[in-house]
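The block underneath contains the structure these notes are about, expressed in structure tokens.
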Amino acid sequence: MASSILIVEDEPSIAELISVNLSHEGFLPVRAFQADQAAMLMKEVLPDLIVLDWMLPGKSGIQFAKDIRNNERTKDIPIIFLTARAEEMDKIAGLDAGADDYLTKPFSPKELVARIRAILRRKSPQLNDDVMEINLLKLDPATHRVIFQGDSPQKIDLGPTEFRLLRFLMANPERVHARGQLLDKVWGDHVFVEERTVDVHIKRLRAALAPVGCETMIETVRGSGYRLTRNPAIIS
Ligand code: CA
């Protein structure tokens with residue numbers, strides 16, 4: 002699935018240049034011309050990464066980055082700053098505001114794409130196509146296959162949502178994920194989908210894993226959400 006990149010840039014020619022290059026590289030670009038518009042878009046769907054211009058009409062890029070970092074729902078979204086300012090002090094201010102990387106205009110779109118890939122690889126393991134293995138479960142994002150590697154290996158059939166859910170949980174094992182976070186990360190939408198939907202798909206995922214005895218790896222953490230663990234509690 003394509004990673005969505007939110008481009009917040011008021012200069013149409015630069016926004017267009019970035020957008021075209023990202024589409025060409027298989028990303029899903031979404032554009033906003035200022036911070037308020039970007040904030041509105043993010044209320045509905047969270048991007049996987051934000052390319053943020055420093056100098057924007059209205060709220061500045063720096064202030065917007067701080068807002069993003071101060072919000073529980075958005076604080077982990079990677080940000081790359083774009084700026085015409087190259088001074089060292091500005092660079093420090095940008096990184097202080099929570100930017101993950103920094104590009105000075107004029108920049109090459111290829112360079113931007115390379116930086117985006119590097120950051121996504123580092124910060125969002127559920128977005129890359131590396132094969133993941135936990136205990137005897139092996140998930141291959143490229144082929145959409147889940148295999149139980151027991152004495153007699155077995156293919157596990159999952160619906161598309163259960164597959165994305167398992168992929169996210171395997172990429173972020175042992176951590177507790179609230180239902181709202183799962184909606185943002187797996188469904189990409191926490192406004193129009195009810196939290197109860199998460200429970201329904203967790204139930205289906207467990208049912209699919211039950212024949213190979215892996216359903217206990219998906220734990221319910223009371224009052225918090227769900228986690229995938231390598232060491233399931235033994236239920237007696
Ligand atoms: Ca600008």
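In the numbering used here, the protein residues as written are 2 to 237.
For glycine and all other residues, C-beta sits at the position ideal for the given N, C-alpha and C.
- Message: Quick check: does the Cβ of Glu12 come within less than 6 Å of any heavy atom belonging to ligand 1?
- Response: With a cut-off of 6 Å, the C-beta of Glu12 is classified as near ligand 1, since at least one heavy atom of the ligand falls inside that distance.
### Task
Could I get the ranges of all uninterrupted beta strand (DSSP E) runs contained in the stretch 148–196, with 3 residues as the minimum, in chain order?
As far as the stretch 148–196 is concerned, it has no whole beta strand (DSSP E) run of at least 3 residues.
Taking Asp200 as the reference, which of Asn129, Gly189 and Glu220 has the closest Cα? Residue Glu220 is the option with its Cα nearest to Asp200.
Check your understanding: If you drop the 5 nearest sequence neighbours on each side, which residues of the same chain put their C-beta closer than 6 Å to that of Ser61?
Key -> Annotation for Ser61: no residue places its beta carbon closer than 6 Å to its own, counting only its chain and skipping 5 residues before and after.
query: Under the rule that 16 or more other beta-carbon atoms within 10 Å means buried, what is Ile93, buried or exposed?
result: With fewer than 16 Cβ atoms within 10 Å of its Cβ, Ile93 is classed as exposed.
Through-space distance from Glu12 to Leu42, alpha-carbon basis:
Annotation: Leu42 to Glu12 spans about 19 Å, alpha carbon to alpha carbon.
Check: Can you tell me the Cα-Cα spacing of Val31 and Ile51, whole angstroms?
Finding: So the two alpha carbons sit approximately 9 Å from each other.
Next item on the list: Determine the extent of the beta strand (DSSP E) in which Leu47 is found, giving its start and end residues.
Entry: Note, Leu47: premise wrong, no beta strand (DSSP E); not H, not E.
| request: Could you pull out every residue in the same chain whose Cβ sits closer than 6 Å to the Cβ of Arg118, ignoring the five residues on either side in sequence? | output: Hits under 6 Å: none found.
What would DSSP say about Gly226, mapped onto helix, strand or coil?
In the structure shown, Gly226 sits in a strand (DSSP, three-state: E or B).
When you compare each of Ser125, Ile19 and Ala211 to Arg173 by their alpha carbons, which one comes out closest? Per the sequence shown, the amino acid found at residue 173 is Asn instead of Arg. Nearest of Ser125, Ile19 and Ala211 to Asn173, Cα basis: Ser125.
Practice item. Give the C-beta separation of Leu137 and Ala209 to the nearest angstrom, bearing in mind that I take them to be a contact with Cβ-Cβ under 8 Å. Key: The Cβ separation is near 15 Å, so there is no contact.
I'd like to confirm something about Asp54: is its beta-carbon nearer than 6 Å to some heavy atom of ligand 1, or not?
Yes, Cβ of Asp54 sits closer than 6 Å to a heavy atom of ligand 1.
Check your understanding: On the premise that Arg165 lies in contact with Gly226, defined as a C-beta separation below 8 Å, what is that separation, rounded to the nearest angstrom?
Key -> Contact between Gly226 and Arg165 is absent: CB atoms are separated by about 16 Å, not below the 8 Å threshold.
* Over the uninterrupted beta strand (DSSP E) stretch that includes Asp102, give me the two end residues. => Where Asp102 is concerned, the enclosing beta strand (DSSP E) stretches over Asp102 to Thr105.
Could you compute how far the alpha carbon of Ser237 sits from the alpha carbon of Val213? Because the pLDDT of Ser237 is 46, which lies under 50, any placement of that residue in the model is unreliable, and the question is left without a value.
Let me make sure I understand the geometry here. Which of Pro161, Asp37, Gly27 and Phe108 has the alpha-carbon closest to that of Ile203? Looking at the Cα atoms, Pro161 is the closest of the given residues.
ask   = Buried or exposed: where does Gln150 fall if 16 or more other Cβ atoms within 10 Å of its Cβ makes it buried?
value = By the 10 Å Cβ count, Gln150 comes out exposed.
| query | So what does Ser5 bridge to, in DSSP terms? | reply | DSSP, once it has assigned bridges, lists Leu29 as partnering Ser5.
- Inter-residue CB distance, Leu121 and Leu128 (contact presumed, cutoff 8 Å): Contact check for Leu121 and Leu128: beta-carbon distance about 5 Å, within the 8 Å limit, so the pair qualifies.
Could you please give me the residues that DSSP links to Arg146 through a beta bridge?
Note: Arg146 sits in a beta bridge opposite Asp141.
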